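Novice: Okay, handing you the structure first.
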Amino acid sequence: MNTAFWPNFLLWCAVLNYGLLLLGFAAYAKFREPIQRLHGRWFALSPSALDASAYLIFGLYKIAIWMLLIVPYIVLCCLR
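Just remember that our numbering sits 1004 ahead of the position in the sequence shown, which is counted from 1.
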């Protein structure tokens, strides 16, 4: 297998996942009120609890992208 495959693969996975993160954040920012009404009915969440949950999920996803994709990419680039 080509040694340049894994760094390129990790880089493109990171780019796609960051795009998905930004798309999700933009969708949440644009449709915040309908999302709050829907989840408020389903789970009886207050708007502040839903905001805290959403930002926690976005933050954990961002940390996962860094730890699972970007850091291994940097390490593999340094080892080349």
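Note that beta-carbon positions come from the ideal geometry of N, C-alpha and C, so glycine has one too. Small disclaimer: the values here were computed from a predicted structure and weren't measured.
Does Leu1060 pass the burial test, meaning 16 or more other C-beta atoms within 10 Å, or should it be called exposed?
Specialist: Result: exposed.
Novice: Quick check: what's the CA-CA separation for Tyr1032 versus Gln1040?
Specialist: Taking the straight line joining both Cα atoms gives about 10 Å.
Novice: Determine the direct distance from the alpha carbon of His1043 to that of Pro1051, and round the result to whole angstroms.
Specialist: The straight-line gap from Cα to Cα measures roughly 9 Å.
Novice: Given Leu1073, which residues of its chain have a CB within under 6 Å of its CB, disregarding the five upstream and five downstream residues?
Specialist: Within the same chain, Leu1073 has close Cβ partners Leu1014, Cys1017, Ala1018.
Novice: Can you tell me where the alpha helix (DSSP H) holding Trp1016 begins and where it ends?
Specialist: Counting along the chain, the alpha helix (DSSP H) containing Trp1016 begins and ends at 1009–1034.
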